[in-house]
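Just below is one structure, and these are the notes that go with it.
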Amino acid sequence: MKQQHGEKKCKLMTIMTTNKTRIAVFCSGGGSNFKALFQAITARQLSAEIVLCVSNRSQCGAMEFAHENNIATFHITEKQFASFDDFAAAMLQELKKNQVNIILLAGYMRKVPDVVVAAFSDKMLNIHPALLPKFGGEGMYGIHVHTAVLAAGETETGATVHFVNEEYDKGALLLQRSVPVLSNDTPETLAARVLECEHALYPDALEKLLTRQK
Ligand code: GAR
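Given below as structure tokens:
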């Protein structure tokens, strides 16, 4: 009995002294990358925790997943505010309130306000479904990327995790992995193959970032 009590005390002390990196994941859609990150953090025993899911959509796969897994959610759109500055300030305030250390954009289809980018310089990553700098920039997201890759006759595409700066898809590259383009691919079949690659790439990139910050 005494020993059990001692074990409990020891576990409690471990929890109290663990200083995990606090992550906010920004999503707009299905959230399959969010799910992959969440699962990888547990499976790889990373010293990190997803503490907040931020979304411009109140109902989407990502927000549902957050609710199911007791992760706090924050629904925020520009329309809720009188000005863009108010919107940006509210976003920053929520991140500070949750003591967020790192932001991971995972299918977030909005530009992150510059004040948030500045506050998280070198601490914000995005995943893009192509081999940047190819097929990046404004308007290049989701299925549009894969349609453009096929139209250009590429034989290889892939996924990229990069740091976020004030320009779309222009931040420094952290990790990239290629995926073949098949002759009978449609944008949808190609998207599925790239997405599968993303699910391993994003956790690898997170691990790399966490190691760097130690
Ligand atoms: C992913 O393919 C991601 O790379 C892409 O949106 C998809 C989100 O899927 N992001 C962009 O195109 C950003 N430019 P998910 O919601 O299932 O993770």
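Mapped onto the working numbering, the consecutive letters of the sequence shown carry residue numbers 884 to 1097.
Here a beta-carbon is modelled for each residue, glycine too, at the ideal position from N, C-alpha and C.
Source: prediction; values computed, not measured.
Secondary structure of residue i, DSSP reduced to three states
i: Met992; result: coil
i: Gln1096; result: helix
i: Lys1091; result: helix
Nonlocal neighbours in the same chain, by C-beta distance under 6 Å from residue i, ignoring five residues either side
i: Asn984; result: Thr904 and Arg905
Residue closest to residue i, alpha-carbon to alpha-carbon, out of the options
i: Leu1078; options: Phe909, Val937, Pro1063 and Ala972; result: Pro1063
i: Thr956; options: Leu978, Ala971 and Gln963; result: Leu978
i: Ala1002; options: Ala965, Ala1034, Val1047 and Ala1013; result: Val1047
i: Val934; options: Leu920, Met992 and Gly1036; result: Leu920
i: Val1032; options: Ala989, Gly913, Asp1068 and Lys918; result: Asp1068
i: Phe967; options: Met992, Ser1061, Arg1095 and Val999; result: Val999
i: Lys1006; options: Val1028, Leu1057 and Phe964; result: Leu1057
i: Ala945; options: Thr925, Ile924, Phe909 and Leu1015; result: Phe909
i: Cys936; options: Asn981, Gln928 and Glu961; result: Asn981
i: Lys1053; options: Arg927, Leu1014, Gln963 and Asn952; result: Leu1014
i: Lys1017; options: Gln976, Gly1041 and Ala907; result: Gly1041
i: Glu1037; options: Gly914, Gln976 and Ser1061; result: Ser1061
i: Glu1050; options: Ala965, Thr1030, Met1023 and Ser1066; result: Met1023
Residue burial classification, residue i (beta-carbon count within 10 angstroms, cutoff 16)
i: Val1044; result: buried
i: Asp997; result: exposed
i: His950; result: exposed
i: Leu1089; result: buried
Close beta carbons around residue i, own chain, < 7 Å, minus the five adjacent residues each side
i: Gln887; result: Note that Gln887 scores a pLDDT of 49, beneath 50, so its modelled location is shaky and nothing firm can be said.
i: Ser930; result: Lys903, Thr904 and Leu1093
i: Asp1087; result: Leu1058
i: Glu961; result: Phe967 and Phe970
CB contact flag (residue i, residue j, <8 Å)
i: Ile1010; j: Tyr1085; result: yes
i: Ser911; j: Tyr991; result: yes
i: Asn916; j: Glu1081; result: yes
i: Pro1012; j: Ala1074; result: yes
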